[in-house]
Amino acid sequence: VCATADGGAALFNMEDGQFFVGIMLFEVAARSVLIIKHKNDAGYSVLCGGVDGVIHRIPLNINPKTGKVDEENPFGVSQTTKTAIKPKHTGPVMCMASPGDG
6 VCATADGGAA LFNMEDGQFF VGIMLFEVAA RSVLIIKHKN DAGYSVLCGG VDGVIHRIPL
66 NINPKTGKVD EENPFGVSQT TKTAIKPKHT GPVMCMASPG DG
C-alpha cells in the first residue's frame, strides 16, 4: 500500500508488485499509510493520513477461501461510509507506526 500525492491510497499485489486498486480519500495529498491487523478478529484495515491532519480507516475485504484481499471488492466501505477518525490532528500526519503485534 502507498499514499499518493493526489489524495489516495493505492494497493499493490504482493506476488507480482502490480497496482490493482486505489481509493481517493482527500482533496489534499495523502502523506502516510499502513495496513493494520484488527485485534478482535482476522480482519485488516488501511490507515491513511493526510496533510490536513485527518486519518482515514478503511476496512479490507479478505476472501475467506484464499486469505487474500478480494481484488474485485477490496474495501469494506461504500460511497457514504464515514472513514475519518475523530478528532483529527492539528498538523499534517507525516508518519504512522504499526502496533507491536500487527
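Going letter by letter, the sequence shown gives residues 6 to 107 in this note's numbering.
Even for Gly, the Cβ is constructed at its ideal location relative to N, Cα and C.
Asked	Found
For Cys-7, the three-state DSSP class (helix, strand or coil)	strand
Secondary structure of Met-29, DSSP reduced to three states	strand
Helix, strand or coil at Cys-53 [DSSP, three-state]	strand
Gly-81 beta carbon less than 9 Å from that of Pro-92	no
Same chain only: Cβ atoms within 7 Å of Val-56, ignoring 5 sequence neighbours per side	Val-33, Ala-34, Arg-36 and Pro-97
Span of the beta strand (DSSP E), counted from its first residue to its last, around Gly-13	13-17
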